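To keep things clear, I will list the structure first and then write my remarks on it.
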Amino acid sequence: MKSMSLSIILAVCAVTSFTEAGKYKGLEFLEPCRKNSPGLEDCLKRSANALATNFQRGMPELGYTEVEPIILDELYIQLGDGPNGYKANFNDIEARGVSAVQVTALRSRIDDEEVQIQMTLDIPTIRAIAKYRSSGQLLLVKASGGGDYWGQYDGVKAKVFIRAKPYVTQGQKFLRLQQLKLDFTVRNIKMGVENIKDSNTILQAALNLFINTNSQELLKEMKPDLRRKLVQQMSSFVEKIFAQVPYDAFIVD
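Under mature numbering (1 follows the signal peptide of the UniProt record, and there is no 0), the letters of the sequence shown match residues -21 to -1, 1 to 232, in that order.
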């Protein structure tokens, strides 16, 4: 999900024309943070949340006129083995609500050789829709078919870790992403399927009962594929931002 990608750039965005010392045009709300200050992490968190608030309206200075919906091409889930094991593919996934992200905690380790930032993020609600196709059985009920999927994920918490190295080009310092990791939990999940092809109301009701009764287990099975795709998208996104954003947009000596 460019899903959750907003979370990653919260402490690291800027553009390339100065307005006043330490601040960049279009991002004057950012508070430049002094590397050796005891209040560095609180400062970075304030800047991160200010950026998140402004990002909800879009930031054309960075090439993002709209931040939602977040798009994922495909996710896959499998429950059980053998010919009757349940398999489902979700395509054309659209998610909304990620832009309401808030940074609730931030830790950093910054020196001349490396920047490490770990953020704890809260997202009140994410709503998603997708197309799906499935095969196999659930609770001895044939569950092959396809239709529309919807989901509401309340109380999303994520931890994001970024490791980057500074480098200098044309006399200006930038960052190059070395590693990005994330994990997340969801407090409450509501989801369902509808408009199932070649199905009936009894099967649809049975599927929705199973899905909501076992929503956390389904998320657990989906999580490895989802996390891998999120890391790929977020890494690409952060690399693009780092290529535009001078280091001193958010950290100064």
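Don't be surprised by glycine CBs; every beta carbon is placed ideally from N, CA and C.
Fair warning: this is a prediction, and the values are worked out from it, not measured in the lab.
Check: DSSP-derived helix/strand/coil call for N167; Outcome: strand
Check: I102 to E45 span [Cα, whole Å]; Outcome: 18 Å
Check: Cβ distance (whole Å) where F69 is taken to contact Y111 below 8 Å; Outcome: 5 Å
Check: Reduced DSSP secondary structure (H/G/I, E/B, other) of R36; Outcome: coil
Check: Simplified DSSP state of L117, which is helix, strand or coil; Outcome: strand
Check: Span separating the alpha-carbon of G1 from that of A228; Outcome: Any reading at G1 must be qualified, since the residue scores a pLDDT of 42, below 50, and its modelled position is unreliable; the value itself is stated next. Roughly 7 Å between the two C-alpha positions.
Check: Check whether E125 and I175 have beta carbons under 9 Å apart; Outcome: The amino acid occupying residue 125 in the given sequence is Gly; Glu does not appear at that position. It is a contact, given that the beta carbons lie within the stated cut-off.
Check: Alpha-carbon spacing of S215 relative to N28, whole angstroms; Outcome: 22 Å
Check: Element boundaries [beta strand (DSSP E), containing K14]; Outcome: Premise fails: K14 is in no beta strand (DSSP E) and is neither H nor E.
Check: Contact test: R25 Cβ vs the ligand GDP heavy atom, cutoff 8 Å; Outcome: As for the ligand GDP, it is missing from this structure, which has no ligand bound.
Check: Three-state secondary structure (DSSP) of N70; Outcome: strand
Check: Rounded Cβ spacing between G171 and N193 (contact assumed at less than 8 Å); Outcome: Actually they are not in contact, since the Cβ atoms of G171 and N193 sit about 13 Å apart, beyond 8 Å.
Check: Span separating the alpha-carbon of M213 from that of G115; Outcome: 33 Å
Check: Close-in-space but distant-in-sequence residues of the same chain around A122 (CB under 8 Å, 5 per side omitted); Outcome: Y65, S113, S114, G115, Q116, L182, L186
Check: Exposed unless 16 or more other CB atoms sit within 10 angstroms - verdict on A109; Outcome: buried
Check: Contacting residues, own chain, Cβ-Cβ under 7 Å from R155 (five flanking each side not counted); Outcome: A143, K144, Y146, F221
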